[in-house]
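Below is one structure; the comments refer to it alone.
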Amino acid sequence: MLSLKGDRAFQRLRQGRAGRGRYVSVKWLPAPEVRVGIVVSKKVGKAVVRNRVRRRLKEILRRLHLPGAHLLLVASPEAREAGFAELFQDVVRALKKSGLIQ
């Protein structure tokens with residue numbers, strides 16, 4: 528899983544397919560390989576909390592074995608309260624709504 532880099536990549540994702548769960552919003556575009564951008568704003572909490580949410584989201588994506596896509600996950604402030612299992616289910620729900628997985 529590679530990181531999504533550069534302003535252009537994030538701008539292109541604005542035209543992508545979208546899905547939303549309780550804790551995360553997802554945007555994606557088809558691509559040959561999986562590249563991921565994770566956005567966790569300061570509204571989520573201090574650096575320790577933001578990094579914990581980011582680490583959990585990365586691990587969830589590793590476990591899902593997604594098809595090739597450029598993917599953007601945006602965590603909501605409520606994500607800091609969610610446990611790993613709850614966050615996992617929410618990411619899966621958002622990805623299903625967006626059409627990336629069945």
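Numbering-wise (this note's numbering), the sequence shown opens with residue 528 and increments by one. Yeah, the Cβ is synthetic: ideal placement off N, Cα and C, and Gly gets one too.
Cβ neighbours of residue i in the same chain (closer than 7 Å, five flanking residues each side left out)
{"i": "Lys570", "result": "Pro604"}
{"i": "Leu556", "result": "Arg539, Leu540, Gly543, Ala596, His597"}
{"i": "Met528", "result": "Val561, Val563, Leu588, Arg589"}
{"i": "Gly572", "result": "Arg607"}
Test item: CB-CB of residue i and residue j under 9 Å
{"i": "Ala621", "j": "His597", "result": "no"}
{"i": "Leu588", "j": "Leu614", "result": "no"}
{"i": "Arg579", "j": "Arg607", "result": "yes"}
Supposed contact pair residue j and residue i - C-beta distance, whole angstroms, cut 8 Å
{"i": "Val618", "j": "Leu593", "result": "In fact, because the Cβ distance is near 10 Å, the residues do not count as touching under 8 Å."}
{"i": "Lys520", "j": "Arg549", "result": "Residue 520 cannot be examined here, being either before or after the span of the chain that is shown, 528 to 629."}
{"i": "Ala545", "j": "Val553", "result": "7 Å"}
Same chain, Cβ closer than 8 Å to residue i, neighbours up to 5 away in sequence not counted
{"i": "Ala536", "result": "Arg562, Gly564, His597"}
Neighbourhood of residue i by C-beta, 6 Å cutoff - its chain only, sequence neighbours within 5 removed
{"i": "Ile628", "result": "Leu622"}
For this session: Specify whether the stretch 594-610 and the stretch 564-579 touch according to this definition: at least 3 beta carbon pairs, one from each stretch, less than 8 Å apart.
Result: yes
(message) Which complete beta strand (DSSP E) runs does the stretch 544-593 hold, if anything under 3 residues is left out?
(response) 544-547, 551-557, 562-567
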